[in-house]
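Note sheet for the following structure.
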Amino acid sequence: MSSPLSLDDDGQGDPWVLLHSFPIDRRMWASQRQALVASGRRVVAVDLPGFGGTLPLATDAPSLDGYVDALLATLDRLGLDRVTALGLSLGGYVALRLAARAPERLRALVLADTRAAGDSPETRASRVLNLGLVRAKGPPALIEKMLPHLLAPGAPDALKDQLRRWASEQSVEGVTGALLAMRDRPDATSVLPGLRCPVLMVVGEHDGITPAAEHHAMAAAAGGARVEVIAGAGHLSNLERPDAFNRSVLAWASEAGLP
Ligand code: MLT
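Numbered according to this note's numbering, the sequence shown terminates at residue 560, and the numbering increases by one at each position without gaps.
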């Protein structure tokens with residue numbers, strides 16, 4: 302039994318669920334929440350287990366399935382049968398795992414700055430180093446290491462400082478739990494051809510962690526999903542270019558006939 306997810310639940314209308322990236326929390330979605338609510342939708346932004354106000358999973362082996370169990374329990378509690386899931390990076394891994402396990406709960410799927418494949422051997426090795434770093438020095442040391450890769454060149458210092466603040470507020474247990482869950486996550490590539498709902502890929506032009514080429518490949522595997530490349534953005538495209546990100550998502554939602 303997982304603890305309830307902390308969340309913001311705003312607006313009325315067709316429900317969207319927003320799944321944050323690593324190692325931050327649901328505060329990253331402020332601009333998207335506002336835009337989606339203004340477009341007449343209900344928006345539930347959750348903190349995944351171990352982030353923000355949500356307790357870590359009570360297990361020695363945290364997994365994406367543990368996150369999805371907690372998410373499904375939250376949807377049940379809110380009475381949400383079907384949602385549009387929007388996940389960025391770690392949030393995209395969770396959204397794809399939800400698609401694999403409970404496709405009937407998805408009205409549509411937005412995968413942003415993420416990947417379907419599992420970790421490469423190099424990434425697995427760097428997860429092990431990062432586990433040691435976080436255990437020894439805490440999340441602030443990890444975000445310092447990650448920052449040069451998260452944002453496009455020339456990103457404003459204010460955004461870097463915000464990411465430092467958010468990351469340093471996360472618990473060691475939550476961050477190490479996510480490192481283990483990401484390291485051991487299953488490859489979700491085979492999920493893509495079976496997706497039966499509208500799918501959008503969004504990626505920052507300068508995303509060096511999950512590059513645009515991977516999103517084009519995922520879109521092709523998903524039967525020709527749309528790819529929106531956000532000019533000038535890096536890996537955290539929703540925070541770096543919020544207006545362009547929101548415009549892309551809302552235009553697609555209306556063309557896909559989402560209520
Ligand atoms: C994220 O932004 O959530 C992370 O870069 C994901 C990862 O480390 O694989």
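The C-beta atom is built at its ideal place from N, Cα and C for all residues, glycine as well.
- Note on geometry: alpha-carbon atoms of residue 373 and residue 318 lie some 11 Å from one another.
- For residue 514, the uninterrupted alpha helix (DSSP H) run begins and ends at 513–522, by DSSP.
- For residue 385, the beta-bridge partners assigned by DSSP are 317 and 409.
- In the three-state scheme derived from DSSP, where H, G and I count as helix and E and B as strand, residue 501 is classed as strand.
- Judged by beta-carbon spacing, residue 391 lies beyond the 9 Å limit of residue 539, meaning their Cβ atoms are not closer than that value.
- Per the C-alpha coordinates, the member of 410, 376, 340 and 367 positioned closest to residue 309 is 376.
- Residue 460 places its beta carbon less than 9 Å from that of residue 452.
- Rounded to the nearest angstrom, the gap between the Cα atoms of residue 558 and residue 471 is 38 Å.
- Here residue 348 is buried, its C-beta having at least 16 other C-beta atoms within 10 Å.
- Distances from the alpha-carbon of residue 403 to those of 420, 469, 412 and 384 put 384 closest.
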